[in-house]
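Protein chains: 2
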Amino acid sequence: MQQPTSLPRRHLLAGSASALAAAGLASFQSQAMAQAAAPAAKPLPGYASFKNADAVIVHSSTTIETKRSAFGSSVVTPTNQLYVRNNLPTPPESIVADRDAWPVQIDGVKKPRQLTVRELKTMGLETVTMVLQCSGNGRAFFPSKPSGTQWTVGAAGCVVWSGVPVRDVVKALGGVADGMVYMTGTGGEVLPAGLDPKSVIVERSVPLAALEDALLAWEMNGEPVSLAHGGPLRLIVPGYTGVNNIKYIKQLAFTAKESEAHIMSHGYRISPPGSKGDPSQPSVQEMSVKSWINSPIPEDGNPAAGTVQIQGVAFGGMNAVKGVEVSIDGGKTWKQARLVGPDMGKFAWRQFVLQAQLPKGTYQLASRATDVKGNVQPETRGENQSGYNNTSWADHAVTVTVA
Amino acid sequence: MQQPTSLPRRHLLAGSASALAAAGLASFQSQAMAQAAAPAAKPLPGYASFKNADAVIVHSSTTIETKRSAFGSSVVTPTNQLYVRNNLPTPPESIVADRDAWPVQIDGVKKPRQLTVRELKTMGLETVTMVLQCSGNGRAFFPSKPSGTQWTVGAAGCVVWSGVPVRDVVKALGGVADGMVYMTGTGGEVLPAGLDPKSVIVERSVPLAALEDALLAWEMNGEPVSLAHGGPLRLIVPGYTGVNNIKYIKQLAFTAKESEAHIMSHGYRISPPGSKGDPSQPSVQEMSVKSWINSPIPEDGNPAAGTVQIQGVAFGGMNAVKGVEVSIDGGKTWKQARLVGPDMGKFAWRQFVLQAQLPKGTYQLASRATDVKGNVQPETRGENQSGYNNTSWADHAVTVTVA
């Protein structure tokens, strides 16, 4: 142990922490362990090359997660660290070469027609801040280990969208046609050849009422929507999980029936464990109340004993957040946290902070949000085959050692 | 004219627009004219290499402006297109290598001491959205052509900052010492050798009352404050012009007198035209009510006749915006615009939009904001030697041709 730089990593990892600490090498050891534990980072795919590689985890070429330690405390998630989850390969860059020329067909209205982004920009303007969250965010916390991307908290962000309200478009086209009960969006991805289009196309139906808050958005966080996030035009359905916010939207239709695309009829269903998705099961649509702590977390190292600012984010899905409680003892006792920062509307998340005096020791930090309708974030997840909609406060708790 | 590709540019520029249009070459001509008119773009300096070169104008290595056409309509200005104005060369990257170790000396309190960013992070947390605007924004509109960067509207942005409230720091250090009437921040730039430090150091005093809203901020728009914008730690004084928001802050002192640094005593003074700055003149500090239109503008080409969404931003400096009026006839008549998007607090800007029916013709578009105290954006600028504080609605009007 006298010549640590010549120790093979294996030896170092097997060494006694206290002996290393005595030799002043604790930080060297933890660094080596972190390097040994972390799998080699995958490179960013080309369409997402603008992402901050230090702030994200690349799961695959179509799934990129924001690191929990990168969320910060400034409400809006920077575009360069927002998660990505694509159901099909990203379309070619050529579709954003002339953004204003992108066409979307509006059907199921009295006067159906195709509109370009250029035309949409004359029809109205609204800006909405909302939590964009993948249906499977929190899947990694299911003990059943459902297949799919092992997201923890980072398949979510709070994003500002600008575009035309869908209600303005509908009004200009004579209103919704009689008998329609769904709003159905179809993505403009290039479909793999040789397959039944219904088996792969990204097409989702949401209740007609969702049109009241929906946008056809050309701008995200102050810039034209990037290809990675659905540009030139994305359907935004505030309060609904990510998959319902159709990228590269090429058709927006008001329909009497739900889409028969597989991603609607069988995908994104709350299926009992062990079963397959089918149209009789609930679809993954509206989000519900959820929160988690972003600091302190083990990834950031051990905070010093004394005053600690315990902070995180909370959102209500369809409803504004009313308050957040924080526990330092794994949920035995709770204290009301303070909501801080700007309130960007009911679909945005709120930051919260609880200032706590923490002597040396180990703490289980948890947060529990309540929305304005009185819905309380539950302790346990709702078990389901695919690991959707995990809002369990217990699953999102973190164990932190104060040194 | 039959072989346009062989025409020399001179000829093309001198050619008749209608003849070129008849030959289907109008877009070719306008492209050539734009290329001829635009000076060669300066490259981004290294510390600002993350900026979107298409969204900014590089005036010099220390002055970078957001293009009016790049502001978008999503409230928060993306970091990669926010303006930069540095009074001294940017410090070396090494100062952001260990951000938490950055020290700031707090003086003029009962218990003065040095605090690191790591310590500040335990003392409190707040998030504030505010307009950051250079004192000289709008200087280019002064007919007197004051020396200095010829900013039009783009030396401004709306930015989210997170950090510790200065009032929390002051409270922890026993309160402000007796007799202090200013809050004085000192920047940590490396000073040029061989000069009297007072002649170059960035040190500004603001009234003590400003401490109530001030932050020591380590995060901007959800990321650690970049070196370009004052990281690792910046003093944020909401409602005050950019120069008062001290970058790389190394000392925050509560003082009985204003700083004697030249940038305080003689710089940033409202000097009568033809005179030099001196301490008897008003200092450039609080911002006042202002707005401008970002779309449509000539840079984006001619909008089509019909419905047009006239949109822009408005802010009140120290006070929230109450409303914005828009004129399409150069200020002869006005209509109330609609405020859209999230209200991020009184120091943030608001987006506004007026939907107008515009037949073919030429329009002078202007906007005029009013704050909650009843202050109305003035028609004319306040003349001063250095071109500060231009809030004139007439200067910010744009002439647009609807085709």
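Taken in sequence, the protein lines are chains A and B.
Counting from 1, position 36 in the first sequence corresponds to residue 35 in numbering that gives the first Met the number 0; the numbering is continuous, with no gaps.
Counting from 1, position 367 in the second sequence corresponds to residue 366 in numbering that gives the first Met the number 0; the numbering is continuous, with no gaps.
For glycine and all other residues, C-beta sits at the position ideal for the given N, C-alpha and C.
Could you tell me how far apart the beta carbons of residue i and residue j are, in whole angstroms, since I believe they sit closer than 8 Å?
i: A:Leu251; j: A:Val103; result: 6 Å
i: B:Phe346; j: B:Gly238; result: 6 Å
i: A:Ala368; j: A:Gly329; result: That pair is no contact at about 17 Å.
i: B:Thr306; j: B:Gln356; result: 6 Å
i: A:Val283; j: A:Tyr267; result: 4 Å
i: A:Val108; j: A:Val175; result: 6 Å
i: B:Gly221; j: B:Val159; result: 7 Å
i: A:Gly123; j: A:Asp195; result: A:Gly123 to A:Asp195, Cβ: 37 Å. No contact.
i: A:Val116; j: A:Met286; result: Actually they do not touch by this definition, with Cβ atoms about 27 Å apart.
Helix, strand or coil for residue i? Go by DSSP, reduced to three states.
i: A:Asp99; result: helix
i: A:Met219; result: strand
i: B:Met343; result: coil
i: B:Thr121; result: helix
i: B:Lys249; result: strand
i: A:Asn79; result: helix
i: A:Ala47; result: helix
i: A:His261; result: helix
i: A:Leu207; result: helix
i: B:Ala21; result: Its pLDDT being 33, under 50, B:Ala21 is placed unreliably by the model, and the measurement read from it follows with that caveat. Here B:Ala21 sits in helix by DSSP.
i: A:Ile94; result: helix
i: A:Ser279; result: coil
i: B:Gly241; result: helix
i: B:Pro403; result: It is not possible to answer for residue 403 of chain B, since the shown part of chain B is limited to 0 through 402.
i: A:Leu226; result: helix
i: B:Arg380; result: coil
i: B:Ser68; result: helix
i: A:Asp394; result: coil
i: B:Lys372; result: coil
i: B:Asp177; result: coil
For residue i, decide whether its Cβ has a neighbour in chain B, counting only Cβ atoms nearer than 8 Å.
i: A:Ser73; result: yes
i: A:Val339; result: yes
i: A:Ser161; result: yes
i: A:Gln335; result: no
i: A:Val352; result: yes
i: A:Gly322; result: no
i: A:Thr121; result: yes
i: A:Met317; result: no
Are the C-beta atoms of residue i and some chain A residue less than 8 Å apart?
i: B:Lys170; result: no
i: B:Glu125; result: yes
i: B:Val103; result: no
i: B:Val307; result: yes
i: B:Gln132; result: no
i: B:Pro77; result: yes
i: B:Gln310; result: yes
i: B:Gly344; result: yes
Given residue i, which residues of its chain have a CB within under 7 Å of its CB, disregarding the five upstream and five downstream residues?
i: B:Ala255; result: Gly178, Met179 and Val180
i: A:Ala33; result: Caution applies to A:Ala33, whose pLDDT of 40 falls short of 50 and renders its modelled position unreliable; the value that the coordinates give is listed next. Taken in chain order, the list of residues that qualify is empty.
i: B:Ala209; result: Met182, Val236 and Tyr239
i: B:Arg67; result: Thr151, Val152, Gly153, Asn293, Ile296 and Glu298
i: A:Asp342; result: Arg349
i: B:Asn243; result: Arg203, Val205, Val236 and Gln284
i: A:Gly311; result: Ser290, Trp291, Ile292, Asn293, Phe351 and Ser366
i: A:Leu234; result: Gly184, Ala213, Leu215, Asn244, Ile245, Ile248 and Leu251
i: B:Ser134; result: Thr240, Gly241, Val242, Tyr267, Val283, Tyr387 and Asn388
i: A:Arg80; result: The displayed chain sequence assigns Gln, not Arg, to residue 80 of chain A. Excluding sequence neighbours, A:Gln80 sits near Lys50, Asn51, Ala54, Val55, Thr65 and Ala69.
i: B:Glu211; result: Arg166
Considering only residues of the same chain and omitting the five flanking positions on each side of residue i, which have a CB-CB separation below 8 Å?
i: B:Gly90; result: For the record, residue 90 of chain B in the displayed sequence is Pro; it is not Gly. Hits under 8 Å: Gly187, Glu188, Val189, Leu226 and Tyr247.
i: B:Leu43; result: Lys50, Ala52, Val55, Val57 and Ile63
i: B:Lys120; result: Asp99, Val163 and Trp217
Leaving out the 5 sequence neighbours to the left and right, which residues in its chain are closer than 6 Å to residue i when beta-carbon positions are compared?
i: A:Thr398; result: Gln363
i: A:Asn318; result: Asp370, Val371 and Lys372
i: A:Thr361; result: Thr400
Counting contacts by CB-CB distance shorter than 8 Å, is residue i in contact with chain D?
i: A:Thr128; result: The chain labelled as chain D is not found among the protein chains of the depicted structure, namely A and B.
Can you find a heavy atom of the ligand ZN that lies under 7 Å from the Cβ of residue i?
i: B:Lys321; result: This structure lacks the ligand ZN; in fact it carries no ligand of any kind.
**OP:** Mind checking the region 216-236 of chain B against chain A and listing, in chain order, the residues whose C-beta falls within less than 7 Å of any C-beta there?
**Re:** Listed in sequence order: Glu218, Asn220, Gly221 and Glu222.
**OP:** Would you list, in chain order, the members of the region 269-283 of chain B that have their beta-carbon closer than 9 Å to a beta-carbon of chain A?
**Re:** Residues of the region 269-283 of chain B whose Cβ lies closer than 9 Å to any Cβ of chain A: none.
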